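S.K.:
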Amino acid sequence: MTPLEIAGLRIDPPFVLAPMAGLTHAAFRELVAHYGGCGLFYTEMLNSRALCTNDPARDPYCLTGSRDRPLAAQVAGNEPEKICRAFQRLQATGRYDLFDFNLGCPRGAIQRYGWGARLLVRIDLCREILHESRKVLEKPFMVKMRTPGRGDEGLWHRWVEILEQAGVDGVTLHPRTPQDLFKRPARWEEIGFLARHTRLPVVGNGDVFSPHDALRMMERTGCRAVMVGRAAVMRPWIFRDMASCLQGGTVLPAPDPVEVVDLYWALVQQWLPEKLHEDRVRLFLFWLCQNFPYGVHYFNRIRRRKTPSAMVEKARELLAKEKFPGYPVRPLMS
Numbered sequence: 184m185t186p187l188e189i190a191g192l193r194i195d196p197p198f199v200l201a202p203m204a205g206l207t208h209a210a211f212r213e214l215v216a217h218y219g220g221c222g223l224f225y226t227e228m229l230n231s232r233a234l235c236t237n238d239p240a241r242d243p244y245c246l247t248g249s250r251d252r253p254l255a256a257q258v259a260g261n262e263p264e265k266i267c268r269a270f271q272r273l274q275a276t277g278r279y280d281l282f283d284f285n286l287g288c289p290r291g292a293i294q295r296y297g298w299g300a301r302l303l304v305r306i307d308l309c310r311e312i313l314h315e316s317r318k319v320l321e322k323p324f325m326v327k328m329r330t331p332g333r334g335d336e337g338l339w340h341r342w343v344e345i346l347e348q349a350g351v352d353g354v355t356l357h358p359r360t361p362q363d364l365f366k367r368p369a370r371w372e373e374i375g376f377l378a379r380h381t382r383l384p385v386v387g388n389g390d391v392f393s394p395h396d397a398l399r400m401m402e403r404t405g406c407r408a409v410m411v412g413r414a415a416v417m418r419p420w421i422f423r424d425m426a427s428c429l430q431g432g433t434v435l436p437a438p439d440p441v442e443v444v445d446l447y448w449a450l451v452q453q454w455l456p457e458k459l460h461e462d463r464v465r466l467f468l469f470w471l472c473q474n475f476p477y478g479v480h481y482f483n484r485i486r487r488r489k490t491p492s493a494m495v496e497k498a499r500e501l502l503a504k505e506k507f508p509g510y511p512v513r514p515l516m517s
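For the sequence shown, the numbering used here assigns the number 184 to the initial residue and increments by one for each residue that follows.
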């Protein structure tokens, strides 16, 4: 398979870590990089308003690791001037290889702000944001979006025109509407429709729970790369297994659960400020525990601990005799 290039940026293997608030920080990206196989890393979703005042060179949400390359910075907002200013300040750090605008987040606070997927109904504003952002960005520029409307081919053609005319270099599609959240299966056929009707490289996202799911998505839809979110938090080595299967190999043995917990905790202490430790450890263990039949019980015991080190110690105790099951990954909570 020909490696994907987006405006000269090589993404090889063609597998991408999704941007996830509270999860894809520098420590987690370093964990994914440790296991290998990820061709493009994303930051957490970054607040355009905050970036206009906070120095991105010092902002804890903008921290970068040593192996999380190439790295994309994703920005959210709905004010063109502030979005452009945020992109300019991020670009000035020299840390990022690609920039991305969020039209995909369906979650509560983001929706109340009128950001993320909520913007899909404000087509003229989206057009302005994309055009103005393109003017200030020197690096590759992508958009991550959800399905703008169910069963409306005319709307899709309009969006293709907007993206191409704005000078966007690629698009990631999560084929659920904002209203779907994660309640309905991802409609991969919509990724295929977009891939057939645009000259832009398309990255597919949604319901990839195993390495073989990633290969099937590429075969069925014609997307050029696959982005993984929830399954990557549960199994940070999934990209390694995806890359192995892409080359005709097999899924490799999973690491020991306690090893994963210990490595993550060491990376959190190395890369993140102490004020973020408790929240980031709790959120990671919430997802990691979902791998196991008694995961909900385990996490309820872990989250009662009052410090991140105590949460890690309880996780080590509870997971000492566990083994990661085979694929597919099945998130039970969100």
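Each residue gets a CB set at the ideal place from its N, CA and C atoms; glycine is no exception. Here the structure is a predicted model, which is why all the values come from computation and not from measurement.
Can you give me the C-alpha to C-alpha distance between Met328 and Val416, rounded to a whole angstrom?
M.R.: 20 angstroms
S.K.: Indicate whether the contact test is met: 3 or more Cβ pairs, each with one atom in the region 440 to 448 and one in the region 229 to 239, closer than 8 angstroms.
M.R.: Result no; under three Cβ-Cβ pairs closer than 8 angstroms.
S.K.: Bridge partners for Thr355 per DSSP, in chain order?
M.R.: Lys327, Val386
S.K.: Under 8 angstroms between the Cβ atoms of Gly219 and Arg418?
M.R.: no
S.K.: What distance in whole Å lies between the Cβ atoms of Ala349 and Leu313, which are believed to be in contact at a cut-off of 8 angstroms?
M.R.: 4 angstroms
S.K.: DSSP three-state label for Ala600, please.
M.R.: Coverage of the chain is limited to positions 184 through 517, which leaves residue 600 absent and any answer about it impossible.
S.K.: Pop quiz: Pro253 and Asp280 are said to be a contact at Cβ under 8 angstroms. What is the actual Cβ separation, rounded to whole angstroms?
M.R.: 4 angstroms
S.K.: Compare the Cα-Cα distances from Cys309 to each of Gly291, Arg341, Pro289 and report the closest residue.
M.R.: Arg341
S.K.: Just how far apart, CA to CA, sit Leu377 and Thr330?
M.R.: 10 angstroms
S.K.: Using 8 angstroms as the Cβ pair cut-off and three pairs as the minimum, do the region 501 to 509 and the region 458 to 476 touch?
M.R.: Yes: at least three Cβ pairs fall under 8 angstroms.
S.K.: Would the C-beta of Leu435 count as close to the ligand NAD, meaning under 7 angstroms from any of its heavy atoms?
M.R.: Among the components of this structure there are no ligands whatsoever, and the ligand NAD is therefore not found.
S.K.: With DSSP as the reference, identify every bridge partner of Ile374, one or two as the case may be.
M.R.: DSSP, once it has assigned bridges, lists no residue as partnering Ile374.
S.K.: What's the C-alpha gap between Arg463 and Val354?
M.R.: 29 angstroms
S.K.: Spatial neighbours of Thr276 within its chain, please: CB distance less than 6 angstroms, with the 5 preceding and 5 following residues excluded, ordered by chain position.
M.R.: Pro239, Ala240
S.K.: Quick check: Arg212 and Leu223, are their CB atoms within less than 8 angstroms of each other?
M.R.: no
S.K.: Under the rule that 16 or more other beta-carbon atoms within 10 Å means buried, what is Ala408, buried or exposed?
M.R.: buried
S.K.: Helix, strand or coil for Pro246? Go by DSSP, reduced to three states.
M.R.: Here the sequence assigns Leu to residue 246, which means Pro is not the residue at that position. In the structure shown, Leu246 sits in coil (DSSP, three-state: anything other than H, G, I, E or B).
S.K.: Mind checking whether Ile194 and Pro202 have CB atoms under 8 angstroms apart?
M.R.: no
S.K.: Taking all protein chains shown into account, do 16 or more other C-beta atoms lie within 10 angstroms of the C-beta of Val385, making it buried, or fewer, making it exposed?
M.R.: buried
S.K.: Mind checking which residues open and close the beta strand (DSSP E) that includes Glu188?
M.R.: 187 to 189
S.K.: Thinking Asn285 and Val319 are a contact (beta carbons under 8 angstroms), I'd like their distance in whole angstroms, please.
M.R.: At roughly 17 angstroms, the Cβ-Cβ gap does not stay under 8 angstroms, so Asn285 and Val319 are not in contact.
S.K.: So what does DSSP say about Thr360, is it helix, strand or coil?
M.R.: Annotated three-state conformation of Thr360 is coil, per DSSP.
S.K.: Would you mind listing the alpha helix (DSSP H) stretches within the region 244 to 315 that are 4+ residues and don't spill past its ends, in chain order?
M.R.: 263 to 276, 291 to 296
S.K.: From the DSSP secondary-structure annotation, give me the bridge partner or partners of Phe198.
M.R.: Beta-bridge pairing links Phe198 to Val409.
S.K.: Pair every Cβ in the region 425 to 434 with every Cβ in the region 255 to 270, then say whether three or more of these pairs are closer than 8 angstroms.
M.R.: no
S.K.: Where does the unbroken alpha helix (DSSP H) through Asn483 begin, and where does it stop?
M.R.: 478 to 485
S.K.: So which of Tyr447, Leu398, Tyr510 has the shortest CA-CA distance to Pro436?
M.R.: Among Tyr447, Leu398, Tyr510, the Cα nearest to that of Pro436 belongs to Tyr510.
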